[in-house]
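Chemist:
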Amino acid sequence: MKIKSYVILFIISYLVLVAGLIVIIFGIYSSSTALSISGLSLIGSFVGMYASAFNTKKQHDKDRPYLILRTNEERYGMLQLEIYNAGNNGAIVREVLLNDELDIISGGTLKENLENCVIQAKGSVAFPYIVYGNKKFDSYYKNISGELKYKDFSNDNFTNRVNLNLLNLRNQLAHQTEAIKRDYEIIKTCQHLRKNIKND
1270 MKIKSYVILF IISYLVLVAG LIVIIFGIYS SSTALSISGL SLIGSFVGMY
1320 ASAFNTKKQH DKDRPYLILR TNEERYGMLQ LEIYNAGNNG AIVREVLLND
1370 ELDIISGGTL KENLENCVIQ AKGSVAFPYI VYGNKKFDSY YKNISGELKY
1420 KDFSNDNFTN RVNLNLLNLR NQLAHQTEAI KRDYEIIKTC QHLRKNIKND
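Start counting the sequence shown at 1270; every next residue gets the next number (the numbering used here).
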């Protein structure tokens, strides 16, 4: 298992802190001002090293991939399950552990389609899941929970919990579908008008 650089920095900084406190205690008991000052210097070094470790960890967290499971309605009349990488590094999905097998319209399950999939930073993949208005898909509205396990291009491993409640979203999704349908009809009407104007 590869140890992160910021973990090493944290360990060293705490060792320096402990050493500084020990030196100060010895300085007090031996009435040695020089020892006490040396101990204070070590504590000062601890502060600098801890800040460096904290900043390194913060940058590491900023640069990591971060996968999110969410709904996507960009395809008219269809609900898609989208896995979005909100991080700043690419991700390779290692394992999908969900509370239920989710059958994808295009074939297979979400697990089968997603494992070993590469998702670039700020990128996503979407799989068609529900066709609106089709009774066949009524049972597909369910609570989805579990874990996504993945790694970045440096082989650092990550795990995210995912929760998606499609039962509660069902009415909201139906409302949004009507809005999409309205926009779709408007675009279709405009295209038809433009075509007629050109023909005239």
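Just so you know, even glycine gets a beta-carbon here, dropped at the ideal spot from N, CA and C.
Distance cutoff 8 angstroms, beta carbons only. Does N1434 sit that close to anything in chain D?
Modeler: Reference to chain D is not applicable here, since this structure consists of a single protein chain.
Chemist: Roughly how far, in whole angstroms, is the beta-carbon of G1415 from the beta-carbon of I1388, given that I think they are within contact range, below 8 angstroms?
Modeler: Not really, about 17 angstroms apart at Cβ, beyond 8 angstroms.
Chemist: What are the start and end residues of each continuous alpha helix (DSSP H) run of 4 or more residues lying completely inside the region 1363-1450, in chain order?
Modeler: 1379-1383, all fully within the region 1363-1450.
Chemist: Since Y1398 and A1322 should fall inside the 8 angstroms C-beta cutoff, what is the C-beta to C-beta distance between them, to a whole number of angstroms?
Modeler: Not confirmed; about 43 angstroms, so no contact.
Chemist: What residue range is occupied by the uninterrupted alpha helix (DSSP H) comprising N1358?
Modeler: Counting along the chain, N1358 falls outside any alpha helix (DSSP H), and DSSP gives it neither H nor E.
Chemist: With which residues is N1354 paired in a DSSP beta bridge?
Modeler: In the DSSP output, where bridge partners are listed per residue, N1354 has L1336.
Chemist: Beta-carbon separation of M1318 and V1362 under 8 angstroms?
Modeler: Taking 8 angstroms as the Cβ cut-off, M1318 and V1362 do not qualify as a contacting pair.
Chemist: Where does F1422 land, buried or exposed, given buried means 16+ other C-beta within 10 angstroms?
Modeler: It is exposed - the Cβ of F1422 has fewer than 16 other Cβ atoms within 10 Å.
Chemist: Going by C-alpha distance, which of S1300, Y1298, V1431, I1277 is nearest L1367?
Modeler: For L1367, the nearest C-alpha among the options comes from V1431.
Chemist: If I measure Cβ to Cβ from G1356 and keep anything under 7 angstroms in the same chain, skipping five residues before and after, which residues do I get?
Modeler: Closer than 7 angstroms at the Cβ level, and outside the excluded window around G1356, lie R1333, P1334, Y1335, A1390.
Chemist: Based on the DSSP output, what are the partners of M1347 in its beta bridges?
Modeler: BP columns for M1347 point to V1400.
Chemist: Taking a contact to mean a Cβ-Cβ separation below 8 angstroms, would you say G1313 touches V1292 in this structure?
Modeler: No.
Chemist: Only counting the same chain, and skipping five residues up and downstream in sequence, which positions put a Cβ closer than 6 angstroms to that of L1433?
Modeler: Here the set comprises L1338, I1413.
Chemist: Is the CB-CB distance between E1351 and A1395 below 8 angstroms?
Modeler: Going by C-beta atoms, E1351 is nearer than 8 angstroms to A1395.
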